[in-house]
Amino acid sequence: MFQPPDEAHDVICSHQPGAVGPGRWVVRVGETTLGERQSLAGAIDLTRSAALSHRRPAWLLDESGYPLKPMLPWNL
33 MFQPPDEAHD VICSHQPGAV GPGRWVVRVG ETTLGERQSL AGAIDLTRSA ALSHRRPAWL
93 LDESGYPLKP MLPWNL
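Residues 33 to 108 in this note's numbering are what the sequence shown spells out, letter by letter.
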């Protein structure tokens with residue numbers, strides 16, 4: 033069972049749609065943006081590193097929207 037997401041402290045990987053094109057993936061902790069990637073694969077790598085270094089759970093906010101989905105970097 034997972035703890036509920038804490039968007040103020042957990043690592044969040046979210047999809048930001050683009051005006052033209054596929055958009056981008058943004059990885060953040062709270063209000064701090066750690067980086068942006070064009071591909072989900074690149075965003076997963078960054079999210080995995082951030083979750084390990086911050087020792088926080090990681091969550092995915094994809095194109096389908098809420099709820100946040102737990103990311104298990106060791107299973108991706």
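Note that beta-carbon positions come from the ideal geometry of N, C-alpha and C, so glycine has one too.
Straight-line measurement puts the Cα of residue 52 at about 31 Å from the Cα of residue 37.
The residue among 48, 70, 39 with its C-alpha nearest the C-alpha of residue 96 is 48. Under a 10 Å Cβ-count criterion, residue 94 is classified as exposed, with fewer than 16 other Cβ atoms of the shown protein chains found around its own Cβ. Residue state for residue 92 is assigned as strand, using DSSP reduced to three classes. The Cβ atoms of residue 90 and residue 45 lie closer than 8 Å to each other. Rounded to the nearest angstrom, the gap between the Cα atoms of residue 88 and residue 76 is 15 Å.
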